[in-house]
Amino acid sequence: MLQTDAPVSPSLATALEALHSRGLGLRRGSEAPTLERARPSVPTGHPALDAALGTGGWPRGALALLDAPAGSGATTLALGSLAAAQAAGGLTAWLDLDGTLDPAVAARLGVSLEWLLVARPHDPAEAIELAAWLGRSGLIDALVLDLGERAAPDRRALDRLGALLARSGSTSALVLAPAGRAVAGAVAGVRVALHRTAWLGIGRDLVGQRVHAVVERHRWALVGASAELDLWFGEGRRIDPLVAMLARPRPLEERPALRVVSA
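Take the sequence shown: its letters are residues 26 to 288, numbered as in our numbering.
So, in structure tokens, the structure goes:
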């Protein structure tokens, strides 16, 4: 059962309050966060996807499922969305059930680790409880609920989480659930399917992938719109900052020799 008033680790509560206080007083020197809570959405980091969603980004007060097979860009897109939320002045969180979040990769993809709260719940139930607490706090603008490869989450718990987020209306929650895509997809207010259409390469090097994103479910806008996204890898060796201009599509059946990272 989802207990929204359940106690949370004092260390977590303290960390969140400290993050919020720093965000109000120290964000970018002396500037306070500028992401307006009246704004109905949080940017995805990709203008084409913002337009396809019809709400200008991920809706606040909603669960959004990134429905994708492993390796199809869901984690990269989620990190880019947190980076965009931070750039707009928001505070963010990542609930990392399997402990797979790589801080170095997150930083290379634009996430400011100083303004990212990371927690590692013990199981899906605890992860959902924590997401509910963060949503209820009203301090987090965007969070990622990364349920990993474990058993599918409880549908009723996700339903209650969605209802709580809708009542608070302040947090946008992205769900990564490879083992529970069917369950999460039935509950989420927004579902975006990702399909890789090509690799992006420079010479023999693989630098990213081109992904076709389709809005398959949206409670507040029309469905069916799509966007082509170029998602860059955040691991390997660094290359020229002009990677986005130099990269060219490569057939999916090709396997370039190296992975490189955008600067």
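Where a beta carbon is used, it is the ideal one built from N, C-alpha and C, also for glycine.
Using the beta-carbon count (16 or more within 10 Å), is residue 181 buried or exposed?
exposed
Compute the Euclidean distance between the alpha carbons of residue 248 and residue 219, then round it to the nearest angstrom.
14 Å
What number of angstroms, rounded off, separates the C-alpha of residue 227 from the C-alpha of residue 193?
45 Å
Take the Cβ of residue 101 as the centre, count every other Cβ of all protein chains shown within 10 Å, and call the residue buried at 16 or more, exposed below.
buried
Kindly indicate which residue of 169, 202, 206 has the alpha-carbon position closest to the one of residue 103.
169
Once you ignore the five residues that flank residue 221 on each side, which residues in its own chain have a CB closer than 6 Å to its CB?
97, 234, 236
Measure the alpha-carbon distance for residue 158 versus residue 164 and round it to whole angstroms.
In a straight line, the C-alpha of residue 158 is about 10 Å away from that of residue 164.
Where does residue 295 land, buried or exposed, given buried means 16+ other C-beta within 10 angstroms?
Here the chain comprises residues numbered 26 to 288, so residue 295 is not present and cannot be evaluated.
Report the option in 160, 70, 175 whose CA atom is closest to the CA atom of residue 185.
Taking only the C-alpha atoms, the option nearest residue 185 is 160.
Tell me which residues share the same chain as residue 197 and place their Cβ nearer than 6 Å to its Cβ, disregarding the 5 neighbours each side in the sequence.
67, 83, 85, 167
Taking Cβ to Cβ, would you say residue 81 is nearer than 7 Å to residue 246?
no
Residue of 241, 114, 145 minimising C-alpha distance to residue 216:
That would be 241, whose Cα lies nearest to the Cα of residue 216.
What residues are listed by DSSP as bridge partners for residue 169?
When DSSP reads this structure, residue 169 sits in a beta bridge with 119, 199.
Measuring alpha carbon to alpha carbon, tell me which residue in 72, 88, 71, 137 is nearest residue 200.
88
Euclidean distance between Cα positions of residue 107 and residue 229:
Straight-line spacing of the CA atoms in residue 107 and residue 229 works out to 30 Å.
Roughly how many angstroms separate the alpha carbons of residue 152 and residue 110, rounded to a whole number?
21 Å
Beta carbon of residue 118, beta carbon of residue 138: below 7 Å?
no
Three-state class that DSSP yields for residue 270 in the structure shown
helix
Span separating the alpha-carbon of residue 175 from that of residue 70:
28 Å
First and last residue of the alpha helix (DSSP H) that includes residue 248?
Counting along the chain, residue 248 falls outside any alpha helix (DSSP H), and DSSP gives it neither H nor E.
Consult DSSP for residue 76 and reduce its assignment to one of helix, strand or coil.
If DSSP states are grouped into helix, strand and coil, residue 76 belongs with the helices.
Please state the DSSP three-state secondary structure of residue 215.
strand
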